[in-house]
Amino acid sequence: MAKVIDLKTSIPGPRSQALGARRAQAVPRGVPATTPIAIVQADNAVVIDADGNRLIDFGGGIGVVNAGHRHPRIVEAVREQLEHFTHVCFPVSMYEPYITLAERLNRLTPGTHEKRTFFVNSGAEAVENAIKAARRFTGRQGIVCFEHAFHGRTYLGLTLTSKVNPYKLGFGPFMPEVYRIPFPYCYRCDSPSRGRGACCMADRAHLEHLFAAHVDPGSVAAVIIELEIGEGGFIPAPPEYVKVLAQFCRDHGIMLIADEIQTGFGRTGKLFACEHYGLVPDLITTAKSLAGGLPLAAVTGRADVLDAAQPGGLGGTYGGNPLACAAALAVLDAIEQEGLVEKGERVGARIRARFLEWQQRYPVIGDVRGLGAMMALELVKDRSTREPAKELTGRLQAEALKRGVILLSAGTLGNVVRVLVPLTVEDAVLEEGLGVMERSLREVSG
Ligand SMILES: Cc1ncc(COP(=O)(O)O)c(C=O)c1O
Numbered sequence: 014m015a016k017v018i019d020l021k022t023s024i025p026g027p028r029s030q031a032l033g034a035r036r037a038q039a040v041p042r043g044v045p046a047t048t049p050i051a052i053v054q055a056d057n058a059v060v061i062d063a064d065g066n067r068l069i070d071f072g073g074g075i076g077v078v079n080a081g082h083r084h085p086r087i088v089e090a091v092r093e094q095l096e097h098f099t100h101v102c103f104p105v106s107m108y109e110p111y112i113t114l115a116e117r118l119n120r121l122t123p124g125t126h127e128k129r130t131f132f133v134n135s136g137a138e139a140v141e142n143a144i145k146a147a148r149r150f151t152g153r154q155g156i157v158c159f160e161h162a163f164h165g166r167t168y169l170g171l172t173l174t175s176k177v178n179p180y181k182l183g184f185g186p187f188m189p190e191v192y193r194i195p196f197p198y199c200y201r202c203d204s205p206s207r208g209r210g211a212c213c214m215a216d217r218a219h220l221e222h223l224f225a226a227h228v229d230p231g232s233v234a235a236v237i238i239e240l241e242i243g244e245g246g247f248i249p250a251p252p253e254y255v256k257v258l259a260q261f262c263r264d265h266g267i268m269l270i271a272d273e274i275q276t277g278f279g280r281t282g283k284l285f286a287c288e289h290y291g292l293v294p295d296l297i298t299t300a301k302s303l304a305g306g307l308p309l310a311a312v313t314g315r316a317d318v319l320d321a322a323q324p325g326g327l328g329g330t331y332g333g334n335p336l337a338c339a340a341a342l343a344v345l346d347a348i349e350q351e352g353l354v355e356k357g358e359r360v361g362a363r364i365r366a367r368f369l370e371w372q373q374r375y376p377v378i379g380d381v382r383g384l385g386a387m388m389a390l391e392l393v394k395d396r397s398t399r400e401p402a403k404e405l406t407g408r409l410q411a412e413a414l415k416r417g418v419i420l421l422s423a424g425t426l427g428n429v430v431r432v433l434v435p436l437t438v439e440d441a442v443l444e445e446g447l448g449v450m451e452r453s454l455r456e457v458s459g
């Protein structure tokens, strides 16, 4: 297969630069610009910019296109829905795609108990609503979240989010009754038992101590967790830790919310990351790859919990927009009929094998980690001190872009490179992208 990367100009080319200049005058600088390129076309794992350059997309619009850019099923489903209606507002008049999608998510998410699902527009909004539902059901106010967490940019989302700069800097005060506990980040764990297989935090006494220090478990409505931390650096929770946490929540009547916004829909080699842990959470939030690029997010969970809110307490004007629901149904069809979860597992295995190989050759790679195709490299200046190599991470991203691959970083310390390539990526395109990543790594690590 011929190479797909085709660069006609240096990156960014003149047209992207011109649009970038207009952007700077029209859009606030607070809206980040990870790359300086403007996209005019995207198909599966390949994007074309305004200067006609063809690049490989290893970022997938930050984990939104697990089923690939413009999957034909999604395009067709949206086109078909457009012929009928684009909006009536579900709380005013119902429509079938919303209900069918709710039924499918109720069936597909972990647990065979009775469930409900409702839709909102963004991941942050799903998180807000899951917390509202947990508070309403339990009659409690406390929320426990984790270091390294990212749950969105609304005020509650930001409060739950861990990274200060850029997300929280100067935006306080944040919301009350939110308590943060450490996440089991094995690579940066300083316990003497580090590296001996078992997680030192997977211990009931550890959790008892944290709650004793921060908040009475009897006043906590929910614990919210990303089973593999996303923006905070692709850190999978150790299974034994999740087991202890889930039991602790059950014992204290605390709702366990799994934020599967970045981990969901095949990214981790399972439909949901919960499945790696045998975890049946009380509530699950999803968004991103749910609707393959159309804005849609969901809260799915126990019927008794989600039915606790009074009519009018949940919902919104656009939540569950019919075009987005049609797209999401097509995403689920693609996942089921094209074996995308299994494909994701294979894509992840190839990436992992290459990353582990590189780790032997490049001392800047401190850690290789992730579940399925949610893989990352943590870069360090020195393996023994684990000093984070943030600047080098930026240079690696820039070098890869110059050579035609869009790469995203992550991590509270800004030194993680993550891969969110579509799970539908062709083998040759994946190999070409990984080849560019390695050449860029060689270049920046000297
Ligand atoms: C785990 C997680 N939760 C919540 C969000 C917020 O989603 P949105 O940007 O759609 O509000 C994100 C976005 O990156 C996320 O990764």
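Counting in this note's numbering, the sequence shown runs from 14 upward without gaps. Using N, Cα and C, we set each Cβ at its ideal position, and we do this for glycine too. Here the structure is a predicted model, which means the values were calculated and not measured.
Q | ligand 1 heavy atom lying under 6 Å from the CB of F163 | A | yes
Q) Span of the alpha helix (DSSP H) holding K176? A) From DSSP, K176 is part of no alpha helix (DSSP H); its letter is neither H nor E.
(Q) Quick check: does the Cβ of G243 come within less than 6 Å of any heavy atom belonging to ligand 1? (A) yes
(Q) Within 8 Å, do at least three Cβ pairs link the region 136-154 to the region 347-359? (A) no
Q.
Pop quiz: F131 and E244 are said to be a contact at Cβ under 8 Å. What is the actual Cβ separation, rounded to whole angstroms?
A. That pair is no contact at about 25 Å.
(Q) Let me make sure I understand the geometry here. Which of P41, M14, G291 and Y331 has the alpha-carbon closest to that of C102? (A) Y331
Q: Determine the DSSP secondary structure at I87, reduced to helix, strand or coil.
A: helix
Q: Kindly list the residues whose CB is nearer than 6 Å to the CB of G81, restricted to its own chain and excluding five residues on each side of it in sequence; keep chain order.
A: N57, P435 and T437
**Q.** Candidates Q260, P251, V91 and S397: closest to V236 by CA position
**A.** Q260
Q: Could you spell out where the beta strand (DSSP E) holding F496 opens and where it closes?
A: Only positions 14 to 459 of the chain appear in the structure, and residue 496 is not among them; the question remains open.
Q | Exposure label - D62; buried when at least 16 CB within 10 Å | A | buried
Q. Quick one: what does DSSP say A271 is sitting in, helix, strand or coil?
A. strand
Q.
If you reduce the DSSP assignment to three classes, tell me which class Q323 lands in.
A. coil
(Q) Please state the DSSP three-state secondary structure of H97. (A) coil
(Q) Among the candidates R42, L292, L369 and G73, whose CA atom is the shortest distance from the CA of P179? (A) R42
Q.
Does P249 come out as helix, strand or coil in the three-state DSSP assignment?
A. strand
**Q.** Runs of alpha helix (DSSP H) wholly within the region 28-80 (minimum 4 residues, chain order)
**A.** 73-76
Q. Are L68 and G417 close, meaning C-beta to C-beta below 7 Å?
A. yes
Q. Is it the case that the CB of Q260 approaches a heavy atom of ligand 1 more closely than 6 Å?
A. no
Q: Find out if the Cβ-Cβ distance for the pair D70, V77 is shorter than 7 Å.
A: no
Q | Between the CA atoms of S206 and C389 - distance to the nearest angstrom | A | Note that residue 389 is Ala in the sequence shown here, rather than Cys. In a straight line, the C-alpha of A389 is about 24 Å away from that of S206.
Q. Are A234 and R315 closer than 7 Å when you measure CB to CB?
A. no
Q: Please classify K176: is it buried, with 16 or more other beta-carbons within 10 angstroms of its beta-carbon, or exposed?
A: buried
Q: With hydrogens ignored, establish whether the beta-carbon of E253 is closer than 6 Å to any heavy atom of ligand 1.
A: no
Q | E349 versus E400 - alpha carbon distance | A | 43 Å
Q. Is the beta carbon of L426 sitting closer than 7 Å to the one on Q410?
A. no
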